[in-house]
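Counted from 1, the sequence shown has number 893 at position 43 by the numbering used here; the numbering is strictly sequential. All remarks here apply to the structure that follows.
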Amino acid sequence: MERCLSKLNTLITSEQIETKIAELAARIREDYHDRNPVLVGVLKGSFVFLADIVRVLDIPLGIDFIGVSSYRGRMESSGEIELIQALRTPIAGRDVLVIEDIVDTGLSLNYVLNVLRQKTPASVKVCALLDKPSKRKITVPIDYSGFTVPDKFVVGYGLDFDEQYRYLSHICYLEEK
Ligand code: XMP
Ligand code: MG
């Protein structure tokens, strides 16, 4: 039976997100301003973060998306990652920056990195807005990390619970009622 999880508690405000994006973008701009990187957003959760950070970055870059699924509406990873949308941009010889909403077990990101590395890019780095290290099952590199979050299920700013709450401009955690 589904638990009732309707209480939302603010964890990170939209102002805090804006400040963090400015900091991350400054570092990324410094590293990539003359490299025309391809930013690869991991669907669906990264779409808001990607949209915000590219506008602050304001450097030449390409954008594409890769779709993976491991949750299917539940709050815990099934551990089985499925590719549900392939990358369309050729990335051989390009500098790739993966844009993730949250790294939890690390299994999705590890899968994405393996898929991308097979396409022989010049480099692959990772920018993740949120890092939830408590449930990590595999070590993954996070080159540009926004916030470390506690072991709570978080929603908003692109992240969902059963496809709800992606539209929130801040990040909340869900609490059992
Ligand atoms: P893993 O466990 O593979 O998780 O690192 C990767 C993807 O799972 C989603 N995820 C969450 N989504 N609240 C969410 O709304 C969470 O607390 C959460 N933890 C993991 C997310 O899409 C992430 O990219
Ligand atoms: Mg994600």
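Each residue gets a CB set at the ideal place from its N, CA and C atoms; glycine is no exception.
Neighbourhood of residue i by C-beta distance below 8 Å, restricted to the same chain and skipping five residues each side
i, result
"K894", "G917, G1008, D1010, R1016"
"A942", "K969, T970, P971"
"G912", "N886, P887, V888, L889, T939, R944"
"E930", "S920"
"R877", "Y994"
"T860", "H1020, I1021, C1022"
Cutoff 7 Å; reference residue i; Cβ partners in own chain excluding five residues on either side
i, result
"R938", "D914"
"R967", "V974"
"S1019", "S864, Y1007"
"A862", "For the record, residue 862 in the displayed sequence is Ile; it is not Ala. If we look at I862 and ignore the five residues flanking it on each side, its Cβ neighbours are F997, H1020, I1021."
"V896", "Checking the displayed sequence, the identity of residue 896 turns out to be Ser instead of Val. If we look at S896 and ignore the five residues flanking it on each side, its Cβ neighbours are I949, E950, D951, G1008."
"Q935", "L893, F915, I916, G917"
"P910", "N886"
"D881", "none"
Cβ-based neighbour list, residue i, same chain, cut-off 6 Å, excluding 5 preceding and 5 following
i, result
"L858", "C1022"
For residue i, the residue or residues it bridges with in DSSP
i, result
"F899", "Answer is none; F899 lacks a bridge partner."
"T998", "D981"
"T860", "C1022"
"F1011", "Q1014"
"Q935", "G917"
"V890", "D914, V948"
"I973", "One point to set straight first is that residue 973 is Ser, not Ile, in the sequence displayed. Partner(s): D945."
Proximity of residue i and residue j at Cβ, strictly below 8 Å
i, j, result
"D945", "R879", "no"
"L907", "A875", "yes"
"V976", "D954", "no"
"F899", "L979", "yes"
Practice problem: Please determine if the stretch 959-969 and the stretch 997-1004 are in contact, where contact requires at least 3 C-beta pairs separated by less than 8 Å. | Solution: Counting Cβ pairs under 8 Å, fewer than three are found: no touch.
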